[in-house]
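For the sequence shown, the positions run 144 to 296 when the working numbering is used. Note that the Cβ used here is the ideal one computed from N, Cα and C, for glycine as well. All remarks here apply to the structure that follows.
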Amino acid sequence: MVIGILFVCTGNTCRSPMAVGVMRSLVRRAGVEHAVQIGSAGTGVRHAGQPPSPLALKAAACCGHDIAGHRSRPLTADDIARFTHPLAMAQTHLAALRALAPPGLAERPRMFGDHDVADPHGGSAQDYERALDLIEAGCVGLLAHLRATLEKS
Numbered sequence: 144m145v146i147g148i149l150f151v152c153t154g155n156t157c158r159s160p161m162a163v164g165v166m167r168s169l170v171r172r173a174g175v176e177h178a179v180q181i182g183s184a185g186t187g188v189r190h191a192g193q194p195p196s197p198l199a200l201k202a203a204a205c206c207g208h209d210i211a212g213h214r215s216r217p218l219t220a221d222d223i224a225r226f227t228h229p230l231a232m233a234q235t236h237l238a239a240l241r242a243l244a245p246p247g248l249a250e251r252p253r254m255f256g257d258h259d260v261a262d263p264h265g266g267s268a269q270d271y272e273r274a275l276d277l278i279e280a281g282c283v284g285l286l287a288h289l290r291a292t293l294e295k296s
């Protein structure tokens, strides 16, 4: 069984790439990387192929998460079919995910956490650090859920 996690934000250069970096680190440490596929996409990607924002790179690197190889890409309907856990960083992303979902999959997308992760784009280094703190906490909880799911299978 392979679990697919897709983190979705707006431009796919800040929140979702940081979430991928955090989740990959956690999954690697937990020894379950063989059972988890992790990706990200954006609902409003203007230019596909963009690297993460410099402040996202810095915040992630300071916490030991490498996102330097990431390149932005737009969300597709196929993503929702392919990933078992499409996760929205904000309510607006959840609405976009559900609107794009193939028939029968509109309920698959969920919020990443209980509240929106504020978009740090255009903000300060502290804004990125705050976003990363929320993402790290959310990923720890997500990993616990995934481990329980994997143990049942």
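N-terminal and C-terminal residue of the alpha helix (DSSP H) that residue i is part of
i, result
"residue 160", "158-173"
"residue 283", "268-295"
Sequence-distant residues of its chain with Cβ nearer than 6 Å to residue i (five each side left out)
i, result
"residue 202", "271, 272, 275"
"residue 245", "220, 224"
"residue 149", "182, 222, 226, 229"
"residue 196", "156, 157"
"residue 144", "296"
"residue 256", "281"
"residue 283", "none"
"residue 261", "none"
Proximity below 9 Å, CB of residue i to CB of residue j
i, j, result
"residue 158", "residue 263", "yes"
"residue 193", "residue 168", "no"
"residue 217", "residue 184", "yes"
"residue 259", "residue 280", "no"
"residue 236", "residue 152", "yes"
"residue 162", "residue 290", "no"
"residue 277", "residue 146", "no"
"residue 252", "residue 199", "no"
"residue 166", "residue 286", "yes"
Contact set for residue i: own chain, Cβ-Cβ below 7 Å, skip 5 residues either direction
i, result
"residue 164", "203, 208, 209, 210"
"residue 267", "none"
"residue 178", "144, 145, 146, 293"
Simplified DSSP state of residue i, which is helix, strand or coil
i, result
"residue 251", "coil"
"residue 244", "coil"
"residue 239", "helix"
Where the beta strand (DSSP E) containing residue i begins and where it ends
i, result
"residue 151", "146-152"
Close Cβ partners of residue i (< 8 Å) along its chain, the five nearest in sequence each way excluded
i, result
"residue 248", "223, 224"
"residue 154", "185, 187, 188, 189, 193, 215, 264"
9 Å Cβ cutoff, residue i in contact with chain C
i, result
"residue 264", "Among the protein chains of the structure shown there is no chain C, as only one such chain exists."
Cβ-heavy atom distance, residue i to the ligand HEM, below 8 Å
i, result
"residue 277", "Questions concerning the ligand HEM fall outside what the structure shown contains, since it holds no ligand whatsoever."
Suppose only complete runs of 3+ residues qualify. What are the beta strand (DSSP E) ranges in the stretch 173-237, listed by chain order? Here the runs fully enclosed are 179-185, 228-231.
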